[in-house]
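Right, one structure below, let's go through it.
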Amino acid sequence: MKKKTRISKRKSIENLQGVLFTLPVIIGIAVFTYYQAAQSLYYSFFDYNGFSKMDFVGFKNFVNIFTHDKETLVVFGNTFLYAVITVPLGLVLGYLTALLVNNKLKGINIFRALFYLPVVIPAVAAGVLWRDIFNSDYGVMNQIIGVFGLHSRFFEVASSSMPTLIFTTVWGVGGSMVIWLSAFKNIPVELYESAKLDGANAWHRLRYITLPMSTPMIFFNLVTAVIGSLQTMSTMVIMGGGAGSAGKGESNSLYFIVVKIYNDAFGRGGRMGYASAFGWILFIIIGLLTFVLFKSNKWVQYAENN
Amino acid sequence: MKMRIKSLGIVLMAALLLMLPLLSGCRVEPPAPNPGDEYEVRDSEDLDKNAALELSIMTSTDGKERKIVEGLASGFNKEFPNITFKITPLSGNIYESIMGYYNANIMPDIFLNESLTMLTLGAAGTLLDLSPYIKADTANGTFNANDYYENFWRLGQKNWNGGQWMAPRAADQVVISFNKLKMIEAGIDLNPATTKVKNGWTWDDFLEVCAELREHFDNTGRGNLYLADGYLNWEANFNAILSSWGVQYFGEDESLIDSAATRSALNMMKNLVEKKYVASFNASSQANFDGGQGVFLLHSRAASLTADILKEVYKTQIANGTYAIDDIFDVVTFPLIGANPKVGAGVAGYSIASTIDATKRDYAWQFLKYMLSKDGQNNISQSGANYPPMRKDMADPFADGVKWGEGMEKFNLAAYTWASQPGHNYVCPTEFVLKRPAFANDLIFEVSSMIGGYLNSPALIGSTAANSKLNSVISDCKDNLEYWAFAA
Amino acid sequence: MDTAIKYNKKHISAKNRLITAVLYLTLTAVAVFLIFPYVFMVSRSLMTVADYSQVPVNFFPAKPSLEAYKNIFVDSHYFKYMLNTLIIVAVNLIAVPLSASLCAYGFTKIKYPGSNFVFSLVLATMMIPGALLQIPLFVFFSKLGWLGTLLPFTLPSFLGGGALYIFLLMQFMRGIPNELENAARIDGAGVLTRYARITMPLCIPVVLFIMVSVFGGLWSDFYGPLIYLKTNPASYTLALKIYIDTISVNVSSALANVRMAAGVFMSIPPAVLFLLYQRKLVDGVMVGAIKG
Chain A
65 MKKKTRISKR KSIENLQGVL FTLPVIIGIA VFTYYQAAQS LYYSFFDYNG FSKMDFVGFK
125 NFVNIFTHDK ETLVVFGNTF LYAVITVPLG LVLGYLTALL VNNKLKGINI FRALFYLPVV
185 IPAVAAGVLW RDIFNSDYGV MNQIIGVFGL HSRFFEVASS SMPTLIFTTV WGVGGSMVIW
245 LSAFKNIPVE LYESAKLDGA NAWHRLRYIT LPMSTPMIFF NLVTAVIGSL QTMSTMVIMG
305 GGAGSAGKGE SNSLYFIVVK IYNDAFGRGG RMGYASAFGW ILFIIIGLLT FVLFKSNKWV
365 QYAENN
Chain B
631 MKMRIKSLGI VLMAALLLML PLLSGCRVEP PAPNPGDEYE VRDSEDLDKN AALELSIMTS
691 TDGKERKIVE GLASGFNKEF PNITFKITPL SGNIYESIMG YYNANIMPDI FLNESLTMLT
751 LGAAGTLLDL SPYIKADTAN GTFNANDYYE NFWRLGQKNW NGGQWMAPRA ADQVVISFNK
811 LKMIEAGIDL NPATTKVKNG WTWDDFLEVC AELREHFDNT GRGNLYLADG YLNWEANFNA
871 ILSSWGVQYF GEDESLIDSA ATRSALNMMK NLVEKKYVAS FNASSQANFD GGQGVFLLHS
931 RAASLTADIL KEVYKTQIAN GTYAIDDIFD VVTFPLIGAN PKVGAGVAGY SIASTIDATK
991 RDYAWQFLKY MLSKDGQNNI SQSGANYPPM RKDMADPFAD GVKWGEGMEK FNLAAYTWAS
1051 QPGHNYVCPT EFVLKRPAFA NDLIFEVSSM IGGYLNSPAL IGSTAANSKL NSVISDCKDN
1111 LEYWAFAA
Chain C
367 MDTAIKYNKK HISAKNRLIT AVLYLTLTAV AVFLIFPYVF MVSRSLMTVA DYSQVPVNFF
427 PAKPSLEAYK NIFVDSHYFK YMLNTLIIVA VNLIAVPLSA SLCAYGFTKI KYPGSNFVFS
487 LVLATMMIPG ALLQIPLFVF FSKLGWLGTL LPFTLPSFLG GGALYIFLLM QFMRGIPNEL
547 ENAARIDGAG VLTRYARITM PLCIPVVLFI MVSVFGGLWS DFYGPLIYLK TNPASYTLAL
607 KIYIDTISVN VSSALANVRM AAGVFMSIPP AVLFLLYQRK LVDGVMVGAI KG
């Protein structure tokens, strides 16, 4: 009897310790995340300008987003187009570069480092750089493609700005390369060896060993890449612009969801309630996509060693 | 892990719902009630000249604006010696800065403003209506609104017609600054008796001069360089051009931008770009007037500021006595377009925060009043930039007791006040934003995008591609203007 | 090339040599492609204004000049802004691993009823877009008077840690045998001692990884500072200063070399850090974590 209470007492002390250890983070996410998210939901039903004007408008903001605001379609279109192209492109190019550096040549580590280096360059520095390289008048890229008799205005005309932006993401290929490399590392070498003995060619080894064994990594990469690309705002540095007009691109051709939220909330007329409503729509889309991705993850084969 | 993710959504929603009750009663309270236009003012005569208090002023800290405020402060201290000033920096745009200060309840007492942002900030309730002071001081004879150009004075008013939200600092209108050396080099006639380049010149005159310059540039290996930094995406410029062509932006409940006049005006602007007269305004192409390469600058920038910039560019030639600054550049009026020409204008100025403490309020008004006085206006020219004064009695830059022409006697400074002189009713503020003042900057942005979209398009005027681009930018602009004016 | 051939000496065959050569050629081509912009950036930053504005563009400066660097350090006082960045980074390098590891320890080594639920709550924050939170946080921080101060970037990190980092630490801690904890407990070690003396030393690789990521994230973040610091230039971080100076305003090409120099300067610390750390990164600390 006595022993039992001692144990339960010890248990409750331990529970308390556990709570205390996690308490800072619990307070943190309550105050800085959940409370704020709820606050934003609250704002989304108001005409709130960041000052004292706070008029309840019901669902008007949401209705406006889908019925009146011409930018809605543009930013969703741009963002999805960007995501749909860059996410698979990154995965495939990452895979190819990973294959390229996944051999035991001398000095291969130097190549790996060089391939990854562009990933660590800060966005602001990259923005400065792309603006210079792709400048239509004095940019070096026109000089390079000029060798083939080509010329483009890149970011300066609507039709070429999105392809140019997507082209710049190629330089970030190192990010997905290292994830693939890690995935390769986790595949037991014996699998390949026995496959080779069975006479499997390179395609078969890829199709039946590498890809299936890397699915958790691909999946993780896919989810984070989709969530990340839906929130892209790299155009704020590439396109520049003052408050309210930041990062729109020529004829809104590079206008993304997050940039629009920023412009609505902090630029010009200050439509914080409206921007909050837009933020919630983005949140719901991200939530749904994540849900769909997890629903459809039958193809993901988790290793059983945990 | 897998299972957990699936229940995340439910968990998240539950947590958010739990948070919602916390929000009740969480309305945002304004820092102090806006006194409206019904508040007590103390008569100027009753103010204690020795009152000791601090006024905070938010202004741009780069360039000359800070010097202007410092100059005004020291001039003001001659009358009120014990009032000190704390200058808080403005960075980025005025609206955002004020929003930050407002929410943190640390509003500056006085702040830099301009006629468009003022509309939005006023609608947000942050600006003090100065009418009671104006009324009282008009009655006691220490202030007279008729001293100022009516066309500029009203740009400081509620919706540009009503209570005073801002005291305009200067009467800025767009002029053309030009590089004399380049003109002479190209053989342009600048003889005062015969030149085309004189106040009141027309658009055709301008184009003829451009054609000559272009030819000269092309023949001297400068085919890539534009002649003018045109700032055609800046509302003061595009609005004057569109309005000269008779473009109407709004009817009662629709936008009228989709018109033949708009098409003509846009084609005229595009023509300037195609002929390489005026640089379109993407970051890359520019004439680089400020670097001593371009010939024209279409802007309202004060002549003293341009002088400072070009003195730096030509410092060796000035040092060795080859040129004086008045050999290097001069200004002339914005060319007149058509039968009903307009010249762009907009003003910057200073506003008093609606949150200001009642005791400080009286002195803040005295400060603005000083800024608007002859002495204050002279002070601005001498401490920072020789903007054209707000006062009608100071129009002549070289008159006695008027300082904005001091040291610049050889310049055609009359260009800066030309369009607002009696008989020239050319001053043209960006009136169409009044359709929805709270979204003034958004409305401007849409028109600016329309112009940018067309001018930056590589298709040549008259081609099918250019025409379809023209139609699409105009129709987009119409939709967007209607959105901001009626739906947003 | 020579060394590569020697390396393969044992399997000399024409085919192998060819494959090796093709591989090196491809590797070099890809490397040149990926690195070219950054070499170009360095080269442009060493140009004078006159040199810079040449058309066609010069790939290398006619005569290297440090004019642009003088501008960023002497005229624009970039060190002053870097100090703000460094303060934020320094605080976070301590605060983030600390709060994340405390939390992860609580979830894995102690576990209390409901801890799984709390963990779900922590994990779910990953899905909430930053764009949603920035508006209420802006209002929240402004009411606290935190705008224009470094507080929004420092204080909350003691209460945060970030879901991803907590998750990584938890996966790592799960891999540490409980016997170690139990043995220490029998020796009378209290829970804090066990956390600090037993578990944390074993977590150093993942803590290092977190610190590198925290550094990289904060060093280059211009967006958070843009929202919360905009009103006070004295509080600008380096990234925000560069953003405002070179990007948000339409500056003339006269300053283009200065912009490049700023970009180079900004890229150096993360690049150096990466080169020091690259083996571990490519080995992938994250791998173990994601498998579960």
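Chains as they are written, first to last, in the numbering used here: chain A, 65 to 370; chain B, 631 to 1118; chain C, 367 to 658. The C-beta atom is built at its ideal place from N, Cα and C for all residues, glycine as well.
* Asked: What residue from B:937, B:1049 and B:1094 has the CA that sits closest to residue 970 (chain B)'s CA?
  -> B:1049
* Asked: For residue 466 (chain C) versus residue 532 (chain C), is the C-beta distance shorter than 8 Å?
  -> yes
* **Interface partners of residue 513 (chain C) on chain B, CB under 8 Å** => 730, 733 and 734
* **Counterpart residues of residue 810 (chain B) in DSSP-defined beta bridges** => In the DSSP output, where bridge partners are listed per residue, residue 810 (chain B) has none listed.
* Have a look at A:294, A:251, A:361 and A:298 and flag the residue whose alpha-carbon is nearest the alpha-carbon of residue 495 (chain C). => A:294
* **residue 1057 (chain B) vs residue 988 (chain B) beta-carbon contact at 8 Å** => Contact: no.
* To do: Name the residue from B:978, B:942, B:921 and B:802 whose alpha carbon lies nearest to the alpha carbon of residue 1045 (chain B).
  => Here the closest residue by C-alpha is B:802.
* **Below-8 Å beta-carbon distance, residue 273 (chain A) vs any chain C residue** => no
* Reference residue 501 (chain C), options B:726, B:746, B:741 and B:811, closest by Cα -> B:726
* Could you name the residues of the same chain whose beta carbon sits closer than 6 Å to that of residue 719 (chain B), not counting the 5 residues immediately before and after it, in chain order? => 691
* Asked: Should residue 950 (chain B) be labelled buried (16 or more other beta-carbon atoms within 10 Å of its own) or exposed?
  -> exposed
* Does the Cβ of residue 91 (chain A) have 16 or more other Cβ atoms within 10 Å, making it buried, or fewer, making it exposed? -> exposed
* To do: Could you check what DSSP says for residue 856 (chain B) in three-state terms: helix, strand or coil?
  => Assignment of residue 856 (chain B) by DSSP, reduced to helix, strand and coil, places it in the coil class.
* Which residue spans inside the region 1045-1086 of chain B form an unbroken alpha helix (DSSP H) run of at least 4? -> With a minimum length of 4 residues, the continuous alpha helix (DSSP H) runs that stay inside the region 1045-1086 of chain B are 1045-1048 and 1070-1085.
* Indicate whether residue 728 (chain B) and residue 696 (chain B) have their beta-carbon atoms separated by less than 8 Å. => no
* To do: Could you name the residues that DSSP lists as bridge partners for residue 119 (chain A)?
  => Partner residues in the beta bridge of residue 119 (chain A), as assigned by DSSP, are A:111.
* What does residue 865 (chain B) touch in chain C if you count any residue whose Cβ is under 9 Å from its own? -> Chain C residues near residue 865 (chain B): none, gap ~15 Å exceeds 9 Å.
* **Rounded C-alpha distance that separates residue 194 (chain A) from residue 322 (chain A)** => 20 Å
* Taking only runs that begin and end inside the region 679-737 of chain B, name each unbroken alpha helix (DSSP H) of 4 or more residues, in chain order. => 695-706 and 724-733
* Whole-number beta carbon distance between residue 536 (chain C) and residue 490 (chain C), since they are thought to touch under 8 Å -> With a Cβ gap of about 15 Å, residue 490 (chain C) and residue 536 (chain C) do not count as contacting.
* Neighbour flag for residue 652 (chain C) against chain B, beta carbons, 8 Å -> Reliability of the predicted coordinates at residue 652 (chain C) is poor, the pLDDT of 48 falling under 50, and the value obtained from them is presented with this limitation in mind. Answer no: the Cβ-Cβ gap between residue 652 (chain C) and chain B never drops below 8 Å.
* Spatially closest choice to residue 184 (chain A) from C:643, C:633 and C:511, by CA coordinates -> C:633
* To do: Note down, in chain order, every chain C residue with its Cβ under 8 Å from the Cβ of residue 116 (chain A).
  => The contacting residues do not exist; residue 116 (chain A) stays about 12 Å from chain C at best.
* To do: Taking residue 726 (chain B) as the query, report the chain C residues whose CB atoms sit under 8 Å from its CB, ordered along the chain.
  => 596 and 597
* Asked: Assuming residue 593 (chain B) contacts residue 806 (chain B) under a Cβ cut-off of 8 Å, what Cβ separation, rounded to an integer in Å, is found between them?
  -> The shown model of chain B, from 631 to 1118, leaves out residue 593 (chain B), and the question about it has no answer.
* Asked: Mind checking residue 779 (chain B): buried by the 16 CB within 10 Å criterion, or exposed?
  -> buried
* To do: Below 8 Å on the Cβ atoms is my guess for residue 745 (chain B) versus residue 785 (chain B); work out the distance and round it to an integer in Å.
  => Right, their Cβ atoms sit about 4 Å apart.
* **8 Å Cβ cutoff met for residue 758 (chain B) and residue 665 (chain B)** => yes
* To do: Given a cut-off of 8 Å, decide if residue 1020 (chain B) and residue 798 (chain B) are closer than it, judged by their beta-carbon atoms.
  => yes
* Asked: Are the Cβ atoms of residue 198 (chain A) and residue 212 (chain A) separated by less than 8 Å?
  -> no
* Asked: Which residues mark the beginning and the end of the beta strand (DSSP E) in which residue 980 (chain B) is found?
  -> 978-982
* Where does residue 278 (chain A) sit, in a helix, a strand or coil, going by DSSP? -> helix
* Asked: By Cβ distance, which residues of its chain are closer than 7 Å to residue 352 (chain A), with the 5 residues on each side in sequence left out?
  -> none
* **Proximal chain C residues relative to residue 719 (chain B), where beta-carbon distance stays under 9 Å** => 597, 598, 599 and 600
* Asked: Would the beta-carbon of residue 885 (chain B) fall within 8 Å of that of residue 1108 (chain B)?
  -> yes
* Asked: Thinking C-beta only, is residue 397 (chain C) closer than 8 Å to residue 175 (chain A)?
  -> Taking 8 Å as the cut-off, the Cβ atoms of residue 175 (chain A) and residue 397 (chain C) count as close.
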